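Just so you know, this note's numbering puts 374 at position 55 of the sequence shown, and the rest follows in order with no gaps. Don't be surprised by glycine CBs; every beta carbon is placed ideally from N, CA and C. Computed from a predicted structure; not experimentally measured. Here's the structure, in structure tokens; my notes come after.
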Amino acid sequence: MPELPEVETIARGLDKRVTGDRIESVWLGSKPEPLKSPAAEIVRTLEGKRIAGVRRVGKHIVFDLDGEPAAAKKKAKPVPAKAQWIVHLGMTGRVVVCEPREEVAKHTHAILQLKSGRELRFVDPRRFGRLSVTQGFEAPGTEPLQVELEKFVQLFKGRKTPIKSALLNQKPLSGVGNIYADESLFRAGIRPRRRAASLTHEELRRLYLAVQVVLKEAIALGGSSISDYVDADGEEGFFQLQHRVYGREREPCLVCKTPIKRVVLSGRSSHYCGKCQK
Ligand SMILES: [Zn+2]
Numbered sequence: 320m321p322e323l324p325e326v327e328t329i330a331r332g333l334d335k336r337v338t339g340d341r342i343e344s345v346w347l348g349s350k351p352e353p354l355k356s357p358a359a360e361i362v363r364t365l366e367g368k369r370i371a372g373v374r375r376v377g378k379h380i381v382f383d384l385d386g387e388p389a390a391a392k393k394k395a396k397p398v399p400a401k402a403q404w405i406v407h408l409g410m411t412g413r414v415v416v417c418e419p420r421e422e423v424a425k426h427t428h429a430i431l432q433l434k435s436g437r438e439l440r441f442v443d444p445r446r447f448g449r450l451s452v453t454q455g456f457e458a459p460g461t462e463p464l465q466v467e468l469e470k471f472v473q474l475f476k477g478r479k480t481p482i483k484s485a486l487l488n489q490k491p492l493s494g495v496g497n498i499y500a501d502e503s504l505f506r507a508g509i510r511p512r513r514r515a516a517s518l519t520h521e522e523l524r525r526l527y528l529a530v531q532v533v534l535k536e537a538i539a540l541g542g543s544s545i546s547d548y549v550d551a552d553g554e555e556g557f558f559q560l561q562h563r564v565y566g567r568e569r570e571p572c573l574v575c576k577t578p579i580k581r582v583v584l585s586g587r588s589s590h591y592c593g594k595c596q597k
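Okay, here's the thing in structure tokens:
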């Protein structure tokens with residue numbers, strides 16, 4: 320499942336490739352699951368718009384759109400000139416920029432024809448990804464790379480849930496998924512099952528720093544997905560961040576050689592070192 324660093328990498332790649340291009344027409348597939356906004360609304364909002372930029376918000380890819388929609392000329396229901404196309408990749412979603420002659424992959428749910436002659440395609444075999452249109456999009460939680468220390472401490476201070484579950488809950492902090500939660504907790508020396516409310520200010524400060532360092536490292540490496548998705552170029556190949564605990568059950572801890580443990584918390588695997596993490 321693409322996490323924040325992967326989504327950031329994909330959004331940056333798309334921003335480089337399609338910003339300034341114009342969406343001429345939109346084709347949507349017949350499967351209802353990927354469409355979070357009504358199909359007609361998606362088409363009406365996207366067609367004729369210029370892509371002003373592409374960015375990541377939480378784990379969403381946000382295409383900022385401007386310019387008069389073509390539909391306005393046909394006296395269709397007017398749409399505001401500024402809007403956003405929001406793509407959530409779900410488990411297996413990917414956005415590909417390609418030439419129209421390229422074969423349309425199975426499980427393609429949307430094709431945007433661009434003025435430059437290229438196409439922007441949304442492909443998602445498992446259909447957990449979501450497409451929607453809106454104005455003034457805001458992520459549901461606080462952005463982990465922008466939050467300040469004291470705000471971060473406040474977000475987790477009174478919570479009775481395990482800290483790992485609190486990190487995965489997207490309402491306080493948006494965008495930290497399973498891999499980076501495990502890696503951050505390891506670097507902060509905190510066990511995933513610790514109740515958030517039991518963490519001291521110093522521990523929360525270490526966690527805050529660890530989350531920032533882990534996410535920034537992963538973004539610098541271009542994301543570290545272990546699933547089968549492709550970047551905006553349609554090319555495989557993210558560098559793999561060296562996971563210190565994630566996916567390393569029974570392997571020796573890189574610091575103290577104690578075998579890494581795995582527990583299940585809120586239905587997700589959590590990996591930690593019983594010696595380095597308290
Ligand atoms: Zn250890």
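- When every heavy atom of ligand 1 is checked, does at least one fall within less than 7 angstroms of the C-beta of Cys595? Within the sequence shown, residue 595 is the residue found at index 276, counting from 1. Yes.
(Q) For Arg514 and Gly593, I'd like the C-alpha separation in whole angstroms. (A) Sequence index remark: in the sequence shown, residue 514 carries index 195 (1-based). Sequence index remark: in the sequence shown, residue 593 carries index 274 (1-based). Cα-Cα distance, rounded: 16 angstroms.
Should Val574 be counted as a contact of ligand 2 given a C-beta to heavy atom distance under 7 angstroms?
Absent from the structure shown: ligand 2. Ligands present: ligand 1.
Suppose you measure from the CA of Phe456 to the CA of Gln403; what does that come to, to the nearest Å?
Your numbering for residue 456 matches position 137 in the sequence shown. Your numbering for residue 403 matches position 84 in the sequence shown. Cα to Cα, Phe456 sits roughly 7 angstroms from Gln403.
| Touching or not, the stretch 488 to 495 and the stretch 450 to 467, by the rule of three or more beta carbon pairs under 8 angstroms? | yes
* **Unbroken beta strand (DSSP E) run spanning Val582, endpoints** => Residue mapping note: residue 582 aligns to position 263 of the sequence shown, counting from 1. It spans Lys580 to Leu584 - the beta strand (DSSP E) in which Val582 sits, taken as one unbroken run.
Check: What residue does the beta strand (DSSP E) around His379 start on, and which one ends it?
Finding: For the purposes of this step, residue 379 is identified with residue 60 of the sequence shown, where counting begins at 1. From DSSP, the beta strand (DSSP E) with His379 extends over His379 to Asp385.
Is any non-hydrogen atom of ligand 1 found closer than 7 angstroms to the C-beta of Thr577, if you look at the structure I gave you?
Translated into the one-based positions of the sequence shown, residue 577 becomes position 258. It does: the Cβ of Thr577 is within 7 angstroms (strictly closer) of some heavy atom of ligand 1.
Can you tell me whether Val532 is helix, strand or coil according to DSSP?
In the sequence shown, the residue the question calls residue 532 occupies position 213. Val532: helix per DSSP, three-state reduction.
| message | Please determine whether the Cβ atom of Cys592 lies at a distance below 7 angstroms from any heavy atom of ligand 1. | response | Within the sequence shown, the letter at position 273 stands for residue 592. Yes, Cβ of Cys592 sits closer than 7 angstroms to a heavy atom of ligand 1.
*What residue does the beta strand (DSSP E) around Gly372 start on, and which one ends it?*
Reading the sequence shown from its first residue, position 53 is the one you call residue 372. First-last of the beta strand (DSSP E) with Gly372: Arg369 to Val376.
| message | Can you tell me which residues form a DSSP beta bridge with Cys417? | response | By one-based count along the sequence shown, residue 417 stands at place 98. For Cys417, which the question treats as bridged, DSSP gives the partners Glu438.
Who are Ala429's beta bridge partners in DSSP?
Within the sequence shown, numbered from 1, the residue matching residue 429 stands at position 110. In DSSP, Ala429 forms a bridge with Leu347 and Phe441.
**Study point:** Close Cβ partners of Val533 (< 6 angstroms) along its chain, the five nearest in sequence each way excluded
**Key:** As a position in the sequence shown, residue 533 is number 214, starting the count at 1. Counting only Cβ-Cβ distances below 6 angstroms, and skipping sequence neighbours, we find Tyr499, Glu502 and Ser503.
Original post:
Would you say Val414 and Leu333 are within 8 angstroms of each other, going by their C-beta atoms?
Top reply: Working through the sequence shown from its first residue, we reach residue 414 at position 95. Working through the sequence shown from its first residue, we reach residue 333 at position 14. Yes. Within cutoff.
Just to confirm my understanding: we take Ala485, look at its own chain, exclude 5 residues before and 5 after, and list those with CB closer than 7 angstroms. What are they?
Taking the sequence shown and counting its residues from 1, the one referred to as residue 485 is at position 166. Taken in chain order, the residues that qualify are Phe475, Arg478, Pro491 and Ala515.
Query raised in the report: Is the beta carbon of Leu429 sitting closer than 8 angstroms to the one on Leu408?
Result: Here residue 429 corresponds to residue number 110 of the sequence shown, with the count starting at 1. Here residue 408 corresponds to residue number 89 of the sequence shown, with the count starting at 1. What sits at residue 429 in the sequence shown is Ala, not Leu. The answer is no: Cβ separation not under 8 angstroms.
Review point. Is there contact between the stretch 346 to 358 and the stretch 427 to 443, where contact requires at least three CB pairs shorter than 8 angstroms?
Key: yes
Determine the closest residue to Gln473 out of Pro357, Ser588, Glu522 and Glu325, with distance taken between C-alpha atoms. For the purposes of this step, residue 473 is identified with residue 154 of the sequence shown, where counting begins at 1. Taking only the C-alpha atoms, the option nearest Gln473 is Glu522.
List the whole-angstrom C-beta distance separating Lys378 from Leu439, where the pair is believed to meet the contact cut-off of C-beta under 8 angstroms. As a working note, residue 378 is residue 59 in the sequence shown. As a working note, residue 439 is residue 120 in the sequence shown. Actually they are not in contact, since the Cβ atoms of Lys378 and Leu439 sit about 19 angstroms apart, beyond 8 angstroms.
**Q.** Contact under 8 angstroms by Cβ, Leu354 with Ala371
**A.** In the sequence shown, counting from the first residue as 1, residue 354 sits at position 35. In the sequence shown, counting from the first residue as 1, residue 371 sits at position 52. In this structure, Ala371 does not lie closer than 8 angstroms to Leu354 by Cβ.
Going by CA-CA distance only, name the one from Ala330, Ser344, His562 and Arg569 that's closest to Arg375. Reading the sequence shown from its first residue, position 56 is the one you call residue 375. The residue with the shortest Cα to Cα distance from Arg375 is Ala330.
inquiry  = Can you tell me where the beta strand (DSSP E) holding Thr453 begins and where it ends?
reply    = Taking the sequence shown and counting its residues from 1, one reaches residue 453 at position 134. That run of the beta strand (DSSP E) goes Arg449 to Thr453.
- Message: Measuring alpha carbon to alpha carbon, tell me which residue in Val373, Gly566, Glu343 and Glu418 is nearest Ile405.
- Response: Indexing the sequence shown from 1 puts residue 405 at position 86. Ranking the options by Cα distance to Ile405, first place goes to Val373.
_Cutting at 8 angstroms between CB atoms, please list the residues of its own chain near Lys535, excluding the five before and the five after it._
Here residue 535 corresponds to residue number 216 of the sequence shown, with the count starting at 1. So the list reads Leu464, once near-sequence residues are dropped.
task: Just confirm the distance between the C-beta atoms of Arg363 and Gly386, as a whole number of angstroms; I'd bet it's less than 8 angstroms.
output: As a first step, residue 363 is located in the sequence shown; it is residue number 44 there, counting from the start. As a first step, residue 386 is located in the sequence shown; it is residue number 67 there, counting from the start. About 14 angstroms; that fails the 8 angstroms criterion.
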